[in-house]
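Note sheet for the following structure.
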Amino acid sequence: MLSINNLDVYYDDIQVIHNLSLRAEEGEIYALFGRNGAGKTTLVKSCVGLVPVRAGDITFNNRDITNMEPYKICSLGIGFTFQERCVFPTLSVKEHLALAETSAFSRRNLKEICDEALDLFPEIEPHLNDKAATLS
């Protein structure tokens, strides 16, 4: 479970998140909605240690992760994907999935990761060997 309590986040002297609290239960799916500049990305970046928290706390599975180093947060299983495409154009879809296998937080083998991805997105199976640069 992810719990955020009374979170305040600033960029220099500009407060972008004020006294935000929320809980996200394991196994549930959530979405953040808001206009541009509302603080959605800043909230996520603060949860993964990319933006410092000035006040409040963030806990994950009852462990305080507030202002923890990003690599430590990642090792707990929390990750962040940027909005821009962050793929390696010369790698295949399967090779991109293999990157997850070699990451510090993965304890699963490539077959498990591929099987899970195919369960969620069966339409990618015919493209496992396609290079990322050929996909849109």
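With the working numbering, letter number 103 in the sequence shown gets 107, and the count goes up by one each step, no holes. No residue lacks a Cβ here, since even glycine has one placed at the ideal position from N, Cα and C.
Within the same chain, N23, L24, S25, A59, G60, D61 come within 8 Å of N10 by CB-CB distance, once the 5 residues on both sides are set aside. Straight across, the Cα-Cα distance linking D119 with V97 is about 13 Å.
Considering only M72, L103, I21, A35, the residue with the shortest C-alpha distance to T46 is I21. Beta bridge pairing from DSSP links A28 with L6.
For I77, the enclosing alpha helix (DSSP H) covers residues 74 to 79.
Apart from sequence neighbours up to five positions away, the residues of its chain that approach K49 with a beta-carbon distance below 6 Å are V55, ordered along the chain. Between R39 and I8, the C-beta gap is not smaller than 9 Å, which leaves the two residues out of contact.
Proximity to P74 across F84, P130, K135 peaks at F84, based on C-alpha coordinates. If you draw a straight line from the Cα of F37 to the Cα of K44, it is about 7 Å long.
I117 places its beta carbon 9 Å or farther from that of L6. For I117, the uninterrupted alpha helix (DSSP H) run begins and ends at 114 to 124, by DSSP. With a threshold of 16 other beta carbon atoms within 10 Å, I69 meets it and is buried. The residues V20, I21, T46, S50, V55, V57, R58, in chain order, have a CB closer than 7 Å to that of V13 in the same chain once the five nearest residues on each side in sequence are set aside.
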